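Student: In this text, residue positions in the sequence shown follow this note's numbering: the first is 429, and each later residue adds one.
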Amino acid sequence: MEEKGKNIKLVLEYDGNAYHGWQRQKGEISIQGILEDKIGVITGKRAKLIASGRTDSGVHALHQVCNFLTKTNIDPGSLKKGLNALTPPDIFIKEAEYVPLSFHARYSAKSKTYEYRILNRREPNVFLRHYTWHVPQKLHMAKMRECLSALQGRHDFSSFRSTGSGISNPVRTMILAECHLSRNGIIRIVFEADGFLRHMVRNIVGTIVQVGSGKIEVEKFLEILQARDRQKAGPKAPAQGLFLSMVRY
429 MEEKGKNIKL VLEYDGNAYH GWQRQKGEIS IQGILEDKIG VITGKRAKLI
479 ASGRTDSGVH ALHQVCNFLT KTNIDPGSLK KGLNALTPPD IFIKEAEYVP
529 LSFHARYSAK SKTYEYRILN RREPNVFLRH YTWHVPQKLH MAKMRECLSA
579 LQGRHDFSSF RSTGSGISNP VRTMILAECH LSRNGIIRIV FEADGFLRHM
629 VRNIVGTIVQ VGSGKIEVEK FLEILQARDR QKAGPKAPAQ GLFLSMVRY
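#1: Express the C-alpha separation of leucine 576 and phenylalanine 585 in angstroms, rounding to a whole number.
#2: Just to confirm the assignment, what range does the alpha helix (DSSP H) spanning lysine 466 have?
#3: Whose CA, out of Thr471, Gln492, Arg545, lies closest to the CA of lysine 509?
#4: Within its chain, find whatever has a CB closer than 6 Å to the CB of glycine 662; leave out the 5 residues flanking it on each side and keep chain order.
#5: Using beta-carbon positions only, say whether isoleucine 546 and glycine 642 come within less than 8 Å of one another.
#6: Using only the alpha-carbon positions, how far apart do valine 527 and threonine 483 sit?
#7: What residue does the alpha helix (DSSP H) around asparagine 435 start on, and which one ends it?
#8: Would you call the CB atoms of isoleucine 436 and asparagine 495 closer than 8 Å?
#9: For asparagine 548, count neighbouring Cβ atoms within 10 angstroms of its own Cβ and tell me buried if that reaches 16, exposed if not.
#10: Do you know how far the Cα of valine 469 is from the Cα of histidine 660?
#11: Can you tell me whether glycine 481 is helix, strand or coil according to DSSP?
#12: If I'm right that isoleucine 467 touches alanine 475 with Cβ under 8 Å, what's the distance once you round it to whole angstroms?
#13: So, does the region 589-599 touch the region 534-541, judging by three or more C-beta pairs under 8 Å?
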């Protein structure tokens, strides 16, 4: 019987501004592509990384998880040190460890948490332009919280799913949906669910901002959720405000 090798789990963070998303694509610079190439430099064989989720172009990660199989005897600590020496400064490996062969970064996950950041003040901040969505008009937090509360539980999220996902079942369980306003004018909208559809968080945020700005009422948002029709919802929020913040197993 052929030896399957060992399974290595990586936990990393990255600034997605300079990358064409997580997934390796021909002719584009991606997080996956850089990591697989650098693992190849260290081990002599390029790995095939499995991620908890594929972040889009411009989306960031505070806690991305991936794994790969290897037949080398590389020490995880040495791998972490080597990768951090070879990768650009906007990618950082936080953890590296051996895990059981049964571990799968995507399918073993119990939940994922995304955070969306909005700079809600009149003036922009040039240093936050790649990490927040600047919305100059004051947003109504109470109405936004009412919408977020309605999202919790098990729902069909078809109204907030972009086409091209390849996933047939649009039903997900939203464990947590809440927002917080900090003193510097940044609104943090946090979502934890057992899974997310394509652009689901950004589509929800784009619609909730319409509620917060008074373009639509809370009742309309609830109707949009029940409609199961993407055409009924608001525009997709820009990528730069989105962070993958946690994956739980």
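Idealized CB from N, CA, C, for every residue including glycine. Model, not experiment: these values are computed from the prediction.
Tutor: Taking the geometry as given:
#1: To locate residue 585, count along the sequence shown from 1; it is residue 157. To locate residue 576, count along the sequence shown from 1; it is residue 148. For phenylalanine 585 and leucine 576, the distance between alpha carbons rounds to 13 Å.
#2: Here the question's residue 466 lines up with position 38 in the sequence shown. It spans 459-471 - the alpha helix (DSSP H) in which lysine 466 sits, taken as one unbroken run.
#3: The sequence position of residue 509 within the sequence shown is 81, counting from 1. Lysine 509 has its Cα closest to that of Thr471, out of Thr471, Gln492, Arg545.
#4: Numbered from its first residue, the sequence shown carries residue 662 at position 234. If we look at glycine 662 and ignore the five residues flanking it on each side, its Cβ neighbours are Gly634, Thr635, Gln638.
#5: Taking the sequence shown and counting its residues from 1, the one referred to as residue 546 is at position 118. Taking the sequence shown and counting its residues from 1, the one referred to as residue 642 is at position 214. No.
#6: Working through the sequence shown from its first residue, we reach residue 527 at position 99. Working through the sequence shown from its first residue, we reach residue 483 at position 55. So the two alpha carbons sit approximately 23 Å from each other.
#7: Within the sequence shown, numbered from 1, the residue matching residue 435 stands at position 7. First-last for asparagine 435: 434-442, but that is the beta strand (DSSP E), not the alpha helix (DSSP H).
#8: The sequence position of residue 436 within the sequence shown is 8, counting from 1. The sequence position of residue 495 within the sequence shown is 67, counting from 1. Yes, these two residues count as a Cβ contact at 8 Å.
#9: Looking up residue 548 in the sequence shown gives position 120. Its Cβ being crowded by 16 or more others within 10 Å, asparagine 548 is buried.
#10: Counted from its first residue, the sequence shown places residue 660 at position 232. Counted from its first residue, the sequence shown places residue 469 at position 41. Per the sequence shown, residue 660 should be read as lysine rather than histidine. C-alpha separation (whole angstroms): 49 Å.
#11: Along the sequence shown, read from residue 1 onward, the residue named residue 481 stands at position 53. Of the three classes helix, strand and coil, the one that applies to glycine 481 here is coil, per DSSP.
#12: On the sequence shown, position 39 is the one that residue 467 refers to. On the sequence shown, position 47 is the one that residue 475 refers to. Right, the Cβ-Cβ distance comes to about 4 Å (below 8 Å), so this counts as a contact.
#13: no
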